[in-house]
Structure formats: structure tokens, C-alpha cells
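Numbering (UniProt numbering), first residue to last: 1 to 252. Here the structure is laid out as C-alpha cells; the discussion comes afterwards.
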Ligand code: OAD
């Protein structure tokens, strides 16, 4: 088991904490990461090739079907002990900001109060033409096949698209500004389950380190963020994070 004691000391002593999460955070809940090979219905597809505005323009039924599959998956799964440990950090360290690249809303389900969503959410669809928000569905999509025609906008008749950020699109300005500000102000930044390959999100831990924060990384694999991490806790979110929280606040 990885030794978390020194990292826990830094975490417990921090005034301001940022928790920055990627797909690995939800892996143990059963949500595949972006760089995992897909299986079953989607095994011939590349997740990243489906996550572009061009893919939606070329084949809206395929892309909507893919996101409806992911939304249905997110409805079936539950937060894991890693998400719960993140909510516990917020409870112990009130100046904690959670910044996530994930679109599954599992942080909210675990009790995180207001995570900043850098890449949007599967539960905030909007019109691809007029950008007005559409009614989100909380029902699972039918499972019979891959393709599903997107619903039409009740205002302009345009196709509804998922409320996520696709490759080649700008990140939403307000969440990005809030994330960068939190990164510049924190004492400790925990980066969990992200490959650190997708920009500008991957800059968040780098900015924190530049502004003097201690960076703690939780990931079973090496990443480019190893270079800025003062502590590299090699392991999975659901095993390392509960141990880190217990070591940081042993009496709770
Ligand atoms: P990736 O799929 O790129 O990386 C997942 C990371 O999680 C890898 O570094 C894995 O080693 C690590 N990992 C796997 N299992 C883990 C576990 N149980 N515990 C902890 N870590 C684990 O996911 P992201 O870095 O989130 O963007 O990808 C960033 C963005 O690229 C995504 O938000 C998405 C994607 O394409 C858009 O859709 C715009």
C-alpha cells in the first residue's frame, strides 16, 4: 500500500484545497475512461472520434445515441469510495473547490456541493442551433441499438445536443475562470484520475504548482503531471483517497 502520511499532513494543514478530477475518478464506479478500449455495442468506435462537433454534424443519430448510452450508464452507476472521500475532504476543509472534467455528476451524488464542470454535463442538453437549454431526461434510453435521433428544440426545431464540451470547442468561460482562480489561490491541489493530456484543463495543476501549491497526484499510471507533483500516490481513487482522508483527519 502506498504511504500517504506526508501527503496527508500537507492536506490537513492546507487552508485552501483544490480537488481536480478526470475519468479515472469514476472508473471504479464502472464508467470507462476515455483511453480505455470500449467493449460491447461500442467496441468498434473511438470515444474521442465521437466527441467532436464534426461527428455530430456528419451523423447526429450516431453521436446522440453514444451520449444517450453514456447518460444511461451514468444513471445506472453510483459514486465509489473515492467520490465519497472527496466529499469528506470538503467537509473537513471548508475552503475546498472541486473541479471536474467528468460529465457524469457522480461528485454531486456523493455530496460534493458545487463542483466546477469544465467539460459540461450529460444532464444539461441544449439546442445545437439556438443554444437554448432543453429539458433533461432522467430516464434511461432504450438499449436496442446504437443510433438514436436527437429530439428537436421546442423553440426553433433544431437538433438537441449533449451539454458537454467537444474536442475543438472552447471551455465555458465562467467555470474556466473560476477554476484558474482557485488553482492560483490554493495551498494543496489534488489531481485524481486524469491523464493530463487534454488542454486547457491539464494546465490547472501546472498553474497551481507555479503559484506555490503542493500538488498531490492519485493515479495508478505515470502521467505528464508527475513532473509537478510533490507526492505521487500510485494507486486507484477508491483505494488511495479513503486512506488519505483517514490519515489526514484520523479522529473523525
Ligand atoms: P483519460 O481517459 O484521458 O485518463 C484517465 C486517467 O485515469 C489515466 O491517467 C488513468 O491512468 C487513470 N485511471 C484509470 N483508472 C483509475 C482509477 N481507478 N483511479 C484513478 N485513476 C485511474 O481521462 P481524462 O484525463 O479525464 O474531454 O480525459 C480528459 C478529457 O479528455 C475528458 O474530460 C474528455 C476526454 O476526451 C472531453 O470530452 C472534452
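In this text, a Cβ means the ideal position worked out from N, Cα and C, and glycines have one as well.
CB-CB length for residue i against residue j, believed under 8 Å
i	j	result
residue 175	residue 244	The Cβ separation is near 26 Å, so there is no contact.
residue 218	residue 209	Not quite, the Cβ-Cβ distance comes to about 16 Å (not below 8 Å), so this is no contact.
residue 61	residue 147	4 Å
residue 89	residue 178	About 18 Å separates the two Cβ atoms, so there is no contact after all.
residue 24	residue 234	Not confirmed; about 12 Å, so no contact.
residue 186	residue 230	Contact flag wrong, Cβ pair sits at about 13 Å.
residue 20	residue 99	5 Å
residue 67	residue 11	That belief does not hold up - the Cβ atoms of residue 67 and residue 11 are roughly 35 Å apart, past 8 Å.
residue 124	residue 163	3 Å
residue 136	residue 64	The Cβ separation is near 14 Å, so there is no contact.
Residue from the options with nearest C-alpha to residue i
i	options	result
residue 15	182, 192, 231 and 113	182
residue 85	46, 163, 100 and 110	110
residue 71	156, 246 and 161	161
residue 28	5, 55 and 79	79
residue 106	38, 202, 191 and 22	22
residue 138	130, 113 and 104	104
Check whether residue i and residue j have beta carbons under 9 Å apart
i	j	result
residue 52	residue 211	no
residue 207	residue 180	yes
residue 17	residue 77	no
residue 248	residue 8	yes
Same chain, Cβ closer than 7 Å to residue i, neighbours up to 5 away in sequence not counted
i	result
residue 232	217 and 226
residue 188	10, 11, 14, 17, 213, 214 and 216
residue 171	118, 165 and 200
Neighbour flag for residue i against chain D, beta carbons, 9 Å
i	result
residue 12	Looking at the structure shown, chain D is missing, and only one protein chain is on hand.
Beta-carbon proximity list for residue i, same chain, < 6 Å, skipping 5 on both sides
i	result
residue 75	140
residue 241	82 and 85
residue 192	21, 25, 218 and 237
Margin query: For a minimum of 3 consecutive residues, which ranges assigned as the beta strand (DSSP E) are wholly contained in the segment 62-125?
Written below: 96-100
Item checked: 3 or more residues per run - each beta strand (DSSP E) lying fully within the segment 197-235 -> 214-218 and 231-233
Notebook entry, point to check: Where in the segment 153-201 do unbroken runs of the beta strand (DSSP E), each at least 3 residues long, occur, reported from the N-terminal end onward?
Noted result: 188-192
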